[in-house]
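As structure tokens, the structure follows; a few thoughts come after it.
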Amino acid sequence: MRRIMVAGNWKMHGSLEMVETLLGGVINGSGPDSGADVVVFPPFPYLQLVQSMASGTHLGWGGQTLNPEPKGAHTGEVSGSMLKDFGCTYVLVGHSERRAIYGESNEDVASRFEAAQSAGLVPVLCVGETIEQRETGLTEEVVAGQIDAILARSGVSAFEQAIVAYEPVWAIGTGHTASPEQAQAVHAFIRNKFAALDDTIAGRLRILYGGSVKGSNATELFAQADIDGGLVGGASLTVEDFLAICRCAD
Ligand code: PGA
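The opening position of the sequence shown corresponds to residue 421 in the numbering used here, with each subsequent residue numbered one higher.
See the structure below:
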């Protein structure tokens, strides 16, 4: 039985007060018996608070990025082992905002993916096309290129311990969710791409959808054959909105 994952990417939002309220509400309102694995990605300064509140509960957590180097003179950066120190299981790599705003190339993302696994973290590899790329028929080419960079560096076996998140850039934070059919088509493309290399890994790989996931569209998205959950931005910032999505996995 596949188990849906619902992951909240808080981006650069929050405050001490908000994290306490949000996390308390999510921990109490979701449970180990729900149909979803529930994970949150807080900003770095709140990781210790998340660790102290969520340790021993069903909730998982992770970092939003990491530096590819294990340590060194990289002012402002955070390594994979530092994330491990605060109990992280996961780390996002290649989020479209990292690619677009901070100029991370496919190769930069591949080095972060590798560093994550070296530190014992499960990378959540984000891929997705812009609206211009979709409208010019480049969706599959772009997504394949983003995945190929990881395959070239880490090999297909690295995906035994990784998650992929398909996040069309045009759907992120816009309210324009991909239709279940649009999302499923790309998810199937991704799974088939892995199946051509290793059937078992492809079958087990969790492929999340991200981009304006809400309680009102999650049930239909999660019902698609190749959609194994959601990476949620805006709707992960309020307890009720996030829990509504978690309940869609039941
Ligand atoms: P959104 O963000 O749910 O606000 O569209 C998703 C994401 O960026 O991971």
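For each residue, glycine too, the CB sits at the ideal point set by N, CA and C.
Discussion item. In chain order, what are the residue ranges of uninterrupted beta strand (DSSP E) at least 3 long that sit wholly in the region 566-595?
Written reply: 583-586
Item to complete: Give the range of the alpha helix (DSSP H) segment to which Met473 is assigned.
Response: 467-474
Worksheet item: Under the DSSP definition of a beta bridge, which residues are partnered with Cys546?
Response: Ala585
Discussion item. Within a Cβ cutoff of 6 Å, which residues of the same chain sit near Ala427, ignoring the five residues on either side of it in sequence?
Written reply: Val459, Leu651
Item to complete: Indicate whether Ala569 and Gly630 have their beta-carbon atoms separated by less than 8 Å.
Response: no
Practice prompt. For Val387, name the three-state secondary structure that DSSP assigns.
Written response: Nothing about residue 387 can be read from this structure; the chain reaches only from 421 to 670.
Discussion item. Quick check on Met425: buried or exposed, where buried means 16 or more other Cβ atoms within 10 Å of its Cβ?
Written reply: buried
Practice prompt. Check each candidate in Glu560, Ala539, Arg519 and name the one with the smallest Cα separation from Cys546.
Written response: Arg519
Worksheet item: Does the ligand PGA have even one heavy atom less than 7 Å from the beta-carbon of Asn429?
Response: yes
Worksheet entry | Alpha carbon of Pro452 to alpha carbon of Thr556, nearest angstrom | 43 Å
Worksheet item: Would Tyr466 be called buried (16 or more neighbouring beta carbons within 10 Å of its own) or exposed?
Response: buried
Worksheet item: What three-state label does DSSP hand Ile647 in the structure shown?
Response: coil
Item to complete: On a CA-only basis, which of Gly653, Ser599, Leu663 is nearest Gly635? Give me that one, please.
Response: Leu663
Worksheet item: Any heavy atom of the ligand PGA closer than 7 Å to the CB of Ile621?
Response: no
Discussion item. Within a Cβ cutoff of 6 Å, which residues of the same chain sit near Val439, ignoring the five residues on either side of it in sequence?
Written reply: Tyr466, Leu469
Discussion item. I want to know whether the region 535-550 touches the region 506-521 - three or more CB-CB distances under 8 Å.
Written reply: yes
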